[in-house]
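Peer 1: Protein chains in written order, with my numbering: chain A, 1 to 249; chain B, 1 to 249.
2 protein chains.
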Amino acid sequence: MASDLKEAGGLTRLFVTSALESGASVTLDQGQAHYLLHVLRAKPGDRVLVFNGRDGEWQAELAAAGKRGVVLTARARTAQQEDVPDLWLAFAPVKKTPSDYLVQKATELGVSKLQPVFTRRTIVSRINDERLLANAMEAAEQSGRLTVPEIGAATTLEKLLAAWPRERAIFFCDEGGEALPLADAARKAGDGPAAILTGPEGGFDPAERERLRALAFVTPVSLGPRILRADTAALAALAIWQSVKGDWR
Amino acid sequence: MASDLKEAGGLTRLFVTSALESGASVTLDQGQAHYLLHVLRAKPGDRVLVFNGRDGEWQAELAAAGKRGVVLTARARTAQQEDVPDLWLAFAPVKKTPSDYLVQKATELGVSKLQPVFTRRTIVSRINDERLLANAMEAAEQSGRLTVPEIGAATTLEKLLAAWPRERAIFFCDEGGEALPLADAARKAGDGPAAILTGPEGGFDPAERERLRALAFVTPVSLGPRILRADTAALAALAIWQSVKGDWR
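(1) Does any C-beta atom of chain B lie closer than 8 Å to the C-beta of serine 243 of chain A?
(2) Name, please, each residue of chain B whose Cβ falls closer than 8 Å to the Cβ of aspartate 92 of chain A.
(3) Which ranges does the alpha helix (DSSP H) cover as unbroken runs of at least 4 residues, wholly within the region 179 to 216 of chain B, from first to last along the chain?
(4) Which residues in the same chain have their Cβ closer than 6 Å to the Cβ of asparagine 135 of chain A, if we skip the five residues on either side of it in sequence?
(5) With a cut-off of 8 Å, do at least 3 Cβ pairs link the region 67 to 85 of chain A to the region 18 to 30 of chain A?
(6) Buried or exposed: which applies to isoleucine 196 of chain A, given that a residue is buried once 16 or more other Cβ atoms fall within 10 Å of its Cβ?
(7) Can you have a look at alanine 92 of chain B and say buried or exposed, based on whether 16 or more other CB atoms are within 10 angstroms of its CB?
(8) Could you name the residues of chain A that serine 143 of chain B contacts, counting a contact when the two beta carbons are closer than 9 Å?
(9) Quick one: complete beta strand (DSSP E) runs, 3+ long, within the region 1 to 41 of chain A?
(10) Only counting runs of 4 or more residues, tell me where the alpha helix (DSSP H) segments fall wholly within the region 78 to 146 of chain A, in order along the chain.
(11) List the residues of chain A whose Cβ lies closer than 7 Å to the Cβ of arginine 249 of chain B, in chain order.
(12) So which residues of chain A does glutamate 108 of chain B contact, with C-beta pairs closer than 8 Å?
(13) By DSSP, does alanine 233 of chain A sit in helix, in strand, or in coil?
(14) For the structure I just gave you, are there three or more beta carbon pairs, one from the region 125 to 143 of chain A and one from the region 155 to 168 of chain A, closer than 8 Å?
(15) Classify isoleucine 170 of chain A as helix, strand or coil using the three-state DSSP reduction.
(16) State yes or no: is the beta carbon of isoleucine 240 of chain B nearer than 8 Å to at least one beta carbon in chain A?
(17) Sorted by chain position, which residues of the same chain lie with C-beta nearer than 7 Å to glycine 200 of chain A's C-beta, five sequence neighbours on each side aside?
(18) Do valine 16 of chain A and valine 50 of chain A have their C-beta atoms closer together than 8 Å?
(19) How would you call threonine 12 of chain B, buried or exposed, if buried means at least 16 neighbouring beta carbons within 10 angstroms?
(20) Quick one: Cα of alanine 207 of chain B to Cα of glutamate 178 of chain B, how far?
(21) In the DSSP assignment, find the alpha helix (DSSP H) that holds glutamate 175 of chain B and state where it starts and stops.
(22) Between which two residues does the alpha helix (DSSP H) harbouring alanine 162 of chain A extend?
(23) So which residues on chain A does tyrosine 101 of chain B lean against when the C-beta distance must stay under 8 Å?
(24) Identify each residue in the region 188 to 222 of chain B for which the Cβ-Cβ distance to at least one residue of chain A is less than 8 Å, and report them in chain order.
(25) Between serine 125 of chain A and alanine 140 of chain A, what straight-line distance do the alpha-carbon atoms span, to the nearest angstrom?
(26) Taking 8 Å as the cut-off, does the region 148 to 156 of chain B touch the region 213 to 220 of chain A (at least 3 CB pairs, one atom from each stretch)?
(27) Under three-state DSSP, which class holds valine 244 of chain B?
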């Protein structure tokens with residue numbers, strides 16, 4: 001008998017690239033096909049949820065599985081398309097495991113774009129874009145999101161600021177010096193697009209901090225009296241922004 | 001020449017059990033002694049910071065290292081004793097790596113007590129208290145805290161609630177059903193002691209939710225429209241509480 005496929009967190013959700021409408025054929029990538037057939041042991045007729053970031057969420061059933069791949073058929077829309085708030089996270093990449101963790105958590109917390117940025121004290125010199133995207137996709141699937149956050153091409157802080165869209169307010173998590181608590185700064189800010197900017201272990205260097213503080217679209221903010229690891233700071237800032245300006249209100 | 005011992009995050013800080021006052025001898029445990037001598041390659045006269053949760057933070061210098069252990073001498077107080085806000089985290093334990101992460105992050109975010117609690121859907125059946133404490137100590141050392149969070153003995157939700165000190169408000173992170181956003185609930189609450197309560201993957205079961213919602217000292221709260229992993233929920237809740245009621249204001 002056909003059944004709804006479930007994981008620990010609830011119904012299995014898959015991010016797909018195909019267009020979704022009633023009766024549409026949905027092709028899975030190799031990893032998803034393997035997961036469905038060999039981990040969840042799906043049989044024809046079994047149902048999962050799919051979303052593509054554009055057409056909402058759909059119930060889809062396993063139509064065919066063969067050498068040419070696995071195809072689902074979209075049956076009924078289960079949720080209208082909905083975007084997360086327009087909040088970017090620009091972050092100095094940290095080591096592999098904390099970076100994985102950061103990307104997963106930021107996706108759950110509802111960030112719209114993840115922007116890796118190299119600062120002077122950033123030790124990590126290479127970004128694995130595929131790994132970053134895979135972590136974001138998995139977290140989007142499990143958190144019930146209808147979009148996967150956009151992944152910006154890694155760049156330097158200098159280039160990022162030079163090309164920055166000025167209408168997007170940057171809340172710059174600054175460990176040293178005077179700064180408003182993030183909650184207060186967010187409350188005072190307008191309702192436009194925003195970004196959280198967090199540094200590497202050891203923070204931004206003095207020249208970077210000076211440069212940031214001189215920019216009109218940058219507000220330095222504080223995250224309390226303790227020293228937070230880079231990934232903790234990013235997650236705390238996202239949660240607070242969501243509670244003040246985002247969709248947690 | 002004697003020097004200040006440093007790590008990536010700044011001056012090396014060690015949590016010790018000895019009383020601290022000018023001239024006091026401070027004995028290190030085996031792990032700390034090994035770290036100081038063989039990882040940081042400390043020499044007599046080298047300086048670190050020490051704290052014991054009672055007497056503030058002190059600069060101390062390496063006095064002797066031999067078969068009987070490593071002894072430091074406390075020289076000058078560098079910070080007065082200061083406590084974190086009176087905020088507990090009662091959490092359903094999750095798997096090993098997320099639990100390590102949760103304990104570290106919660107310590108950085110400034111929790112005063114970590115209370116593992118077994119709920120009906122908790123899969124983990126055993127708590128490694130030593131591992132929990134080691135993670136909390138390390139995070140306290142690196143975050144600049146002057147205390148290590150207390151670790152409560154693991155217990156069941158039922159027993160925890162039966163013995164609960166009623167003056168301590170519980171903010172119960174409830175995934176289903178109507179609930180105020182945590183920021184609003186915290187703002188409305190009094191200034192007394194508080195606790196965040198988070199469930200396991202899959203959440204609390206219906207009977208537990210009903211029981212919790214019936215208690216006068218429990219306020220169900222929401223953490224936005226997405227499904228958060230257990231550890232993400234705990235960290236987000238701690239950050240929001242700190243920004244509304246804690247020492248991030």
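Glycine included, C-beta positions come from ideal geometry on N, C-alpha and C. All figures in this text were calculated on a predicted structure; none of them were measured in a lab.
Peer 2: Looking at the coordinates:
(1) yes
(2) Here residue 92 of chain A turns out to be alanine, not aspartate, going by the sequence shown. Under the 8 Å cutoff, chain B gives no residues; its nearest Cβ is about 13 Å from alanine 92 of chain A.
(3) 182 to 188 and 206 to 213
(4) Asp100, Val103 and Gln104
(5) yes
(6) buried
(7) buried
(8) Arg226, Ile227, Leu228, Arg229 and Thr232
(9) 13 to 15 and 25 to 27
(10) 96 to 109 and 129 to 143
(11) Pro181
(12) Arg226, Ile227, Leu228, Arg229 and Thr232
(13) Three-state DSSP puts alanine 233 of chain A in a helix.
(14) no
(15) strand
(16) By this cut-off, isoleucine 240 of chain B is an interface position.
(17) Residue 200 of chain A is actually proline in this sequence, not glycine. If we look at proline 200 of chain A and ignore the five residues flanking it on each side, its Cβ neighbours are Ala92, Val94, Thr119, Arg121, Thr122, Ile123 and Ala230.
(18) yes
(19) Its Cβ being crowded by 16 or more others within 10 Å, threonine 12 of chain B is buried.
(20) 16 Å
(21) Note, glutamate 175 of chain B: premise wrong, no alpha helix (DSSP H); not H, not E.
(22) Looking at the DSSP string, the run of the alpha helix (DSSP H) that includes alanine 162 of chain A is 157 to 162.
(23) Tyr101
(24) Glu201, Gly202 and Ser222
(25) Between serine 125 of chain A and alanine 140 of chain A, the alpha-carbon positions lie close to 26 Å from each other.
(26) no
(27) helix
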